[in-house]
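So, in structure tokens, the structure goes:
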């Protein structure tokens, strides 16, 4: 089969899916709006379709004139950016896919869906909104947007099924695809007698890395710990945040205990995951982090906030813990629970690996996509 994917960038969480499709003999074309700082092209190289000349002009004025002090100004393109209709139509027509899977409800997606609909190509929407939501927005603007996009939506985020929660018609849970890498019986724990903690994320305020450092500075006096932070540092806003962290480390004399790495290549992350005894993601407003699942593939227990979309892959006390979002006190509590019981870390790491083996298989993903194709038709 011929699979067309369209997303704002070729995120590393798509690499296992591309690997599975290619190894099973399928053809894949991945259209991205732009090239990210850290991407893995082992199995495919995305086609960078970019934005139209008109939008690039609008975006430049918005970012460099009206919002030049806003670190998130560039994010406007994710929702409102649009491509050259001719270029998108040409790429889609030339590849002639059997199905298109497109990321997010956006103006870019509407343009691309229009091209696919005219060619009779089945379409599936992919986003990270929970399967079970607080509400389904059904006002006129939302109804129009939904009408212009695929009726079938897949998401790797389950959400919490309880009273008051609702599931959108056509929504299907399709788990992330993650390959198991390091079985628990092959993992070397507590190297140099330390419990090694790993954190992965951009150097930005939302990631709460400073909060993690403050907790670490407190606990390192009681336990033999080491902390490694691997983060993306792509602009001056992220550079400034990293400098704040470096200042904190210097002031608290933690340079021998803490390492701040930047822009680590995807292939080089394997060693960091393999050496970790505990993975901690302290961030807030996290749609669905894949880094904690990558850690689980290396038999590492994980901690994340209870609002993180991928917290649904954590079984409390079995393969990790969830803490109350943005609560320094609660995060400290669960980290302390882990570092004070190192033998339990090994058991939780084993359960992490088992979760990846059983719930994040490519075959399960492919089966769900086939079901969605039958369900969605050309809408």
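In the working numbering, the protein residues as written are 619 to 997. All residues carry an ideal CB built from backbone N, CA and C; glycine is no exception.
task = Tell me, please, whether the region 828-837 touches the region 911-928 by the rule of three or more beta-carbon pairs shorter than 8 Å.
result = No: fewer than three Cβ pairs fall under 8 Å.
inquiry  = Under DSSP, the alpha helix (DSSP H) around residue 734 begins and ends at which residues?
reply    = 725-736
ask   = Can you check whether the CB of residue 749 is closer than 7 Å to the CB of residue 785?
value = Yes, Cβ-Cβ distance for residue 785 and residue 749 is below 7 Å.
request  = Could you check if residue 883 is buried or exposed, using at least 16 other CB atoms within 10 Å of its CB as the buried criterion?
outcome  = exposed
key: As assigned by DSSP and simplified to three states, the class of residue 996   = At residue 996, the pLDDT of 49 sits below 50, so the modelled position is not reliable and the matter cannot be decided from this model.
Validate contact between the region 819-835 and the region 891-911 using beta carbons, cut 8 Å, 3 pairs = yes
ask   = For residue 938, which beta-bridge partners are listed by DSSP?
value = The secondary-structure analysis by DSSP pairs residue 938 across a beta bridge with 920, 934.
inquiry  = Residues in the same chain with beta-carbon distance under 8 Å from residue 842, minus the five sequence neighbours each way, listed in chain order, please.
reply    = 811, 812, 813
query = Which partner residues of residue 717 appear in the DSSP bridge assignment?
reply = 621
request  = Look up residue 950 in the DSSP assignment and say whether it is helix, strand or coil.
outcome  = helix
Residue burial classification, residue 794 (beta-carbon count within 10 angstroms, cutoff 16) = Residue 794 comes out buried.
Backbone secondary structure at residue 807 - three-state DSSP = coil
ask   = What's the C-alpha gap between residue 770 and residue 991?
value = Distance between the alpha carbons of residue 770 and residue 991: 9 Å.
request  = Answer with buried or exposed for residue 761, where buried requires no fewer than 16 other C-beta atoms within 10 angstroms of its C-beta.
outcome  = exposed
task = Since I believe residue 815 is in contact with residue 974 (beta carbons under 8 Å), could you give me their beta-carbon distance rounded to a whole number of angstroms?
result = Taking C-beta atoms under 8 Å as the contact rule, residue 974 and residue 815 fail to qualify, at a distance of about 20 Å.
request  = Could you check the C-alpha separation between residue 887 and residue 738 for me, to the nearest Å?
outcome  = Approximately 41 Å between the Cα atoms of the pair.
ask   = Hey, would you say residue 938 sits closer than 7 Å to residue 960, going by beta carbons?
value = no
key: Identity of the residue in 620, 644, 657, 933 nearest residue 972 by Cα   = Considering only alpha carbons, the answer is 933.
key: DSSP state of residue 928 mapped onto helix, strand, coil   = helix
ask   = What did DSSP end up calling residue 628 once you bin it into helix, strand or coil?
value = coil
inquiry  = Give me the DSSP bridge partner(s) of residue 650.
reply    = 625, 666
message = Which residue marks the beginning of the alpha helix (DSSP H) containing residue 800, and which one marks its end?
response = That residue, residue 800, is in no alpha helix (DSSP H); it is neither H nor E in DSSP.
key: Buried/exposed call for residue 953, threshold 16 Cβ in 10 Å   = With at least 16 other beta carbons inside 10 angstroms of its own, residue 953 counts as buried.
request  = Note down the Cα distance separating residue 787 from residue 731, rounded to an integer number of angstroms.
outcome  = When only Cα atoms are considered, residue 787 and residue 731 end up about 19 Å apart.
request  = Could you check if residue 865 is buried or exposed, using at least 16 other CB atoms within 10 Å of its CB as the buried criterion?
outcome  = Counting Cβ neighbours within 10 Å, residue 865 comes out exposed, since fewer than 16 surround it.
task = Rank 623, 657, 782, 685 by C-alpha distance to the C-alpha of residue 885 and give the top, closest one.
result = 657
ask   = Applying the criterion that 16 or more other CB atoms from any shown protein chain within 10 Å of the CB defines a buried residue, is residue 726 buried or exposed?
value = buried
task = May I ask you to list the residues that DSSP assigns as paired with residue 751?
result = 784
Whole-angstrom distance between residue 719 and residue 647, CA atom to CA atom = 11 Å
inquiry  = Which of the three DSSP states is assigned to residue 890 in this structure?
reply    = helix
request  = Say whether chain B places a C-beta atom closer than 7 Å to the C-beta of residue 636.
outcome  = This model lacks chain B altogether, as it is built from one protein chain only.
ask   = In three-state terms, what does DSSP make of residue 985?
value = Correct three-state label for residue 985: helix.
query = Hey, would you say residue 622 sits closer than 7 Å to residue 715, going by beta carbons?
reply = Closer than 7 Å, so yes.
query = According to the neighbour-count rule (16 or more other Cβ atoms, all chains shown, within 10 Å of its Cβ), is residue 594 buried or exposed?
reply = No statement about residue 594 is possible, as the shown extent of the chain runs from 619 to 997 and does not include it.
Inter-residue Cα distance where the pair is residue 706 and residue 674 = 16 Å
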